[in-house]
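Quick note on numbering: the sequence shown equals residues -7 to 297 in the numbering used here. In this text, a Cβ means the ideal position worked out from N, Cα and C, and glycines have one as well. This structure is a prediction, so every number in the text was calculated from the model and none was measured.
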Amino acid sequence: MQTPPHGIRVADEVRVAIEAGAPVLALESTILSHGLPTPRNLEVGLASEEQVRSAGVLPATIGVIDGVATVGLARDEIERLCTSAEVVKVSVRDLPIARAQRRDGGTTVAATAWLAHRCGIRVMSTGGLGGVHRGAAETFDESADLTTLAETPITLVSAGVKSILDIGATLERLETLNIPVVGYRTDRYPGFYVADSGFGLEYRIESPADAAELARARDELGLRGAVLVANPVDAAKQLDPEFHDRVLAEALAAASDAGISGHDTTPFLLDHVQRATGGRSLEVNLEVYRGNVALGAEIARAVAG
Ligand code: PSU
Ligand code: MN
């Protein structure tokens, strides 16, 4: 593997696997520290690692412990990120701050992908990607996931972006940033809770081998960005699309009525959706994540093979 920078700790098991060219799948930790309620977060964190191992792939959950960016968190470290109230959300710009101030942090897609790539990991799974927020034309609120992925050559499996974001604008920005997006066995861009966001995709792939070939083609061309594999939730398990649209409209109206803005918007909307769906959105969230972890593991094997 390329020598990881001094500032990154790589678990022994992960280091050995990377050096041997064995399949490794990177997993983020903001979903655990900030995306899911306790104790479901810990169940999900441990179960997804187990799911990856059962598929013959080594999981590397990535996060920050005592300021140290860590690739391959130990079980007690995952527990710590799931239960401590002191855990901060760490994107790339937060990594040096977390290090200097010895914080614990859950890493976003951006920070996770960047750390994984620096250590030679080539595939990663997440639930939903960050993107362009509604109203971004005024607020400039766009996730650093997008700009980071433009310069991080990893294959990333997600179920698109949540509908609380501006999906059309996110797709436009991905195009501008030269980031290829392919549907996994679909021509439609998934909308996280629903299999079809209402936006189409120009390209699709049919297998993990196709994803591996795409990553190889990117490398052969010397391109430096990620390849995004958009993996929809099984239509039988999605949130009913009409119900979804109604709840989202209510949530957006409630946020506006309450004068919510800026970084408070996402937690407010997600909380509203969760309560308005009676927890059903959380179950879909977990189903989405399981599907992405399963596909990520298959792609990691194809890439390593
Ligand atoms: N989307 C979700 N749930 C999440 C996130 C995104 O549906 O928990 C997390 C991911 O870690 C993503 C981050 O990388 O939020 C994006 O945050 P921001 O918009 O602040 O960059
Ligand atoms: Mn933001």
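### Query
Hey, would you say the C-beta of F191 is under 7 angstroms away from at least one heavy atom of the ligand PSU?
no
### Query
Residues in its own chain within less than 7 angstroms of A105 by CB, not counting five upstream and five downstream?
M116, T140, L141, T144, I146, L148 and A218
#### Entry: CB contact flag (A3, V79, <8 angstroms)
no
### Message
So, under 8 angstroms CB-CB, G55 and G98 are touching, yes? Tell me the CB distance rounded to an integer number of Å.
### Response
That pair is a contact at about 6 angstroms.
### Query
Contact between the segment 172 to 181 and the segment 231 to 251: three or more CB pairs below 8 angstroms?
The segment 172 to 181 makes no contact with the segment 231 to 251; the number of CB pairs closer than 8 angstroms stays below 3.
### alpha helix (DSSP H) segments (min. 4 residues) lying fully within the segment 27 to 82
32 to 46 and 67 to 75
### Task
Tell me whether Y181 sits in a helix, a strand or coil according to DSSP, three-state version.
Note: Y181 maps to strand in three-state DSSP.
### Query
Using DSSP with H/G/I as helix, E/B as strand and the rest coil, what is I156?
Coil at I156, not helix or strand.
### Query
So D137 and A102 are in contact, right, with Cβ under 8 angstroms, and what is the actual spacing, rounded?
About 5 angstroms separates the two Cβ atoms, so the contact holds.
### Query
Just to check, is the beta-carbon of H321 closer than 7 angstroms to a non-hydrogen atom of the ligand MN?
The chain is shown only over -7 to 297; residue 321 falls outside these bounds and no answer can be derived.
### Query
What residue range is occupied by the uninterrupted alpha helix (DSSP H) comprising S21?
Careful: S21 lies outside any alpha helix (DSSP H) and carries neither H nor E.
### Task
Spell out a yes or no on whether the segment 40 to 48 and the segment 271 to 285 are touching, meaning 3 or more CB-CB pairs, one atom from each, closer than 8 angstroms.
Yes, they touch.
### Task
For the alpha helix (DSSP H) containing R267, list its first residue and its last residue.
T257 to A268
### Message
Beta-carbon within less than 7 angstroms of V124's beta-carbon, same chain only, minus the 5 sequence neighbours each way: which residues are those?
### Response
Same-chain partners within the cutoff: E134, L157, D158, A161, T162 and R165.
#### Entry: C-beta contact flag for V82 and A92 at 8 angstroms
no
### Task
For the beta strand (DSSP E) containing F191, list its first residue and its last residue.
V186 to G192
### Message
Please tell me whether, using a cut-off of 7 angstroms, the distance from the CB of D226 to the nearest non-hydrogen atom of the ligand PSU is below it.
### Response
For the ligand PSU, not one heavy atom lies less than 7 angstroms from the Cβ of D226.
### Query
What does DSSP give as the partner residues of A222 in its beta bridges?
S150 and G175
### Query
For D96, does the count of other Cβ atoms within 10 angstroms reach 16, so buried, or fall short, so exposed?
Under this definition D96 is a buried residue.
### Task
Could you please give the first and the last residue of the uninterrupted beta strand (DSSP E) stretch that includes T144?
Element bounds for T144: n/a, residue is neither H nor E.
### Query
With a cut-off of 8 angstroms, do at least 3 Cβ pairs link the segment 26 to 34 to the segment 262 to 279?
yes
### Query
Where does the unbroken beta strand (DSSP E) through V84 begin, and where does it stop?
It is not in any beta strand (DSSP E) - V84 carries neither H nor E in the DSSP assignment.
### Task
Compare the C-beta of L163 with all C-beta atoms of chain D and state if any pair is closer than 8 angstroms.
Any reference to chain D falls outside this structure, which holds one protein chain only.
### Query
Nearest to D226 by alpha carbon, out of L65, R177, A18 and R267?
R177
### Simplified DSSP state of S117, which is helix, strand or coil
Residue state for S117 is assigned as strand, using DSSP reduced to three classes.
#### Entry: Beta-carbon proximity check, L193 vs A222, cutoff 8 angstroms
Yes.
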